[in-house]
Every structure is written in C-alpha cells, then in structure tokens.
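Presented below is the structure to which this report refers.
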Amino acid sequence: MYFEGGLTAENGACLLAQDLRAAQNRAAYSGQTLFMRFFEDGDGYEVVDSQGEPISDPRTARPFVRQYSKDGVFEGLVIRDLVLSSGNTLVFSASGEISSALECTLHFEDEVRHLVAKRPTGIVTIPDSTSGFVDDGY
98 MYFEGGLTAE NGACLLAQDL RAAQNRAAYS GQTLFMRFFE DGDGYEVVDS
148 QGEPISDPRT ARPFVRQYSK DGVFEGLVIR DLVLSSGNTL VFSASGEISS
198 ALECTLHFED EVRHLVAKRP TGIVTIPDST SGFVDDGY
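Just so you know, we're using my numbering here: the sequence shown kicks off at 98 and counts up by one.
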C-alpha cells in the first residue's frame with residue numbers, strides 16, 4: 098500500500114483506520130466474529146477468527162497481519178497508549194459492531210497521531226489529522 102509523502106504517523110493512523118474498517122466490514126459481510134489483536138510491543142496487529150487463525154485481508158487476499166518491523170514501508174512506526182476494555186484485542190461481532198471503544202497513538206520519529214474508534218459503530222476519527230481524514234463508514 099502506497100501513501101503519498103512516505104511514512105509518517107499520519108499515514109500510519111490512516112492505514113490503521115482503513116484496516117479497522119476492512120476488518121469490520123469483513124465481519125459483517127461474512128457473519129462471523131473476528132478479533133483484531135494488537136501486538137504487545139506496539140509493532141502492529143493481526144485479524145484472526147474465533148479459532149485464532151489468521152484471516153485473509155479482503156483487499157489483498159494475503160494474511161491480515163500488519164507488523165511494522167517486518168514491513169519495510171512502515172518500519173519505525175509504533176502503536177502506543179492503547180486503550181481497549183478487553184486488553185489488546187478488539188472484537189468485531191458478526192454484525193460488525195465493535196466490542197469496545199478504542200484509543201491509541203501512533204508514533205513515528207517525533208510525529209504523533211491520535212486515533213479513536215467509537216463503540217459500537219467503529220467510526221474512526223483522527224483528531225489531529227493533517228490530511229483531512231474522514232471516516233465515511235464504509
């Protein structure tokens with residue numbers, strides 16, 4: 098996935114927002130509960146099914162895993178200050194609702210962006226966005 102301007106915390110926040118929406122839509126479309134597990138060290142996340150098996154990203158058909166240190170494009174990006182009611186896992190119900198509000202910050206070098214997803218809709222905002230990011234809900 099290419100972002101104009103290269104790696105920035107802004108682009109990382111936008112990518113996470115897009116991935117949240119893709120996982121939510123996949124859950125609602127497939128009618129299955131899915132889980133977005135954030136890695137403890139802030140190095141990314143993966144989306145798995147109820148058996149803990151990775152699902153394929155509906156946009157690429159590859160495993161739905163984002164590990165920044167292994168993806169040269171996003172190396173150096175870190176998720177910090179993750180706030181979820183259920184540890185490090187966000188649950189998408191079979192109807193696409195999210196189990197918890199989500200808040201986090203994405204850090205790259207000296208740049209920081211905040212991301213918030215509202216429960217139950219999953220609508221994402223990036224309050225300090227410099228790109229004008231707007232979540233259209235799709």
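Even for Gly, the Cβ is constructed at its ideal location relative to N, Cα and C.
With contacts defined by Cβ atoms closer than 7 Å, A198 and L117 do not form a contacting pair. A114 and E208 do not touch by the CB rule: their CB atoms are close to 16 Å apart, not below 8 Å. Here DSSP, grouped into helix, strand and coil, assigns S153 to strand. Scanning the region 134-198 from its first residue to its last, the whole beta strand (DSSP E) runs of 3-plus residues come out as 141-145, 162-164, 175-180 and 186-189. By the Cβ neighbour-count rule, G234 is exposed, with fewer than 16 other Cβ atoms within 10 Å of its own. Around the beta-carbon of R163, 16 or more other beta-carbon atoms lie within 10 Å, marking it buried. For the pair I220 and E194, the Cα-to-Cα distance works out to about 10 Å.
The count of Cβ pairs closer than 8 Å, one atom from the region 175-194 and one from the region 128-143, reaches three, so the stretches are in contact.
For A124, the CB contacts under 6 Å within the same chain, skipping 5 residues up- and downstream, are L131, F189 and G193 in chain order. The secondary-structure analysis by DSSP pairs R210 across a beta bridge with L203. Contact between F230 and C111 holds: their C-beta atoms lie close to 5 Å from each other, under 8 Å. Here V221 is bridged, per DSSP, to A214. Here the C-alpha atom of D178 lies approximately 16 Å from the C-alpha atom of D225.
The straight-line gap separating the alpha-carbon atoms of H211 and Q148 is approximately 31 Å.
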